[in-house]
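Student: Residue numbers (the numbering used here): 116 to 260.
We put the beta carbon where it would ideally sit given N, CA and C, even for glycine.
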Amino acid sequence: MRTDLHTGVADRLREADQRYTRGRRSLVDVLEEATRPLTIQEILARDKALAQSSAYRNLVILEQAEVVHRVVGTDEFARYELAEHLTDHHHHHLICSQCGQVADFTVPPDVEEALAGALGRAAEVAGFVTQDHRLDLIGQCRRCA
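(1) Considering only residues of the same chain and omitting the five flanking positions on each side of glycine 123, which have a CB-CB separation below 7 Å?
(2) Since glycine 235 and threonine 245 are thought to touch, with beta carbons under 8 Å apart, how far apart are those beta carbons, to the nearest angstrom?
(3) Can you pull the DSSP bridge partners for aspartate 219?
(4) Please specify which runs of the alpha helix (DSSP H), each continuous and at least 4 residues long, are wholly inside the segment 220-245, giving them in chain order.
(5) To the nearest angstrom, report how far apart glutamate 157 and histidine 248 are at their CA atoms.
(6) By DSSP, does leucine 153 sit in helix, in strand, or in coil?
(7) Exposed or buried, what is alanine 164 when buried is set at 16 or more other beta-carbons lying within 10 Å of its beta-carbon?
(8) If tyrosine 195 and leucine 153 are in contact, beta carbons under 8 Å, what's the gap, nearest whole angstrom?
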């Protein structure tokens, strides 16, 4: 567990007038170890001590405090991951339109720079000021294809 991660989370929660409780820390620990966004059921399976009702409530608070990001897929299950500003790991998502699975992917720095430039120009034409970008590719995973 990275101390700076937990310090950053505690700071975010304090700014939102929330405490960094044991349950919230457990959720952050599970998400830190994950290699992809997780559903609530997957989170609960990874930490049996978490109660489902408090996990839902705490994820809402963590999302409002910008500690976690909710990834909406093509199925009825939201998935959660730590916010990029806490992990320093910019990435995008592959979302399966058949099973709903979400996987992370990154692109080489030169491609990321070109993508950010193109998206910035498109936003500028629309009179929109960007802060960041997310890219979700929708298709079929290896298992469903």
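Tutor: Based on what the coordinates show:
(1) As a first step, residue 123 must be located in the sequence shown, where it is residue number 8. If we look at glycine 123 and ignore the five residues flanking it on each side, its Cβ neighbours are Leu201.
(2) Numbered from 1 along the sequence shown, position 120 holds the residue referred to as residue 235. Numbered from 1 along the sequence shown, position 130 holds the residue referred to as residue 245. Their Cβ separation, rounded to whole angstroms, is 6 Å, which keeps glycine 235 and threonine 245 in contact under 8 Å.
(3) To locate residue 219, count along the sequence shown from 1; it is residue 104. Per DSSP, His208.
(4) 224-240
(5) Sequence index remark: in the sequence shown, residue 157 carries index 42 (1-based). Sequence index remark: in the sequence shown, residue 248 carries index 133 (1-based). So the two alpha carbons sit approximately 26 Å from each other.
(6) By 1-based counting over the sequence shown, the position of residue 153 is 38. Correct three-state label for leucine 153: strand.
(7) Start at 1 with the first residue of the sequence shown, and residue 164 comes out as number 49. That one is exposed.
(8) As a working note, residue 195 is residue 80 in the sequence shown. As a working note, residue 153 is residue 38 in the sequence shown. In this structure, tyrosine 195 and leucine 153 form a Cβ contact; the two beta carbons are roughly 6 Å apart against a cut-off of 8 Å.
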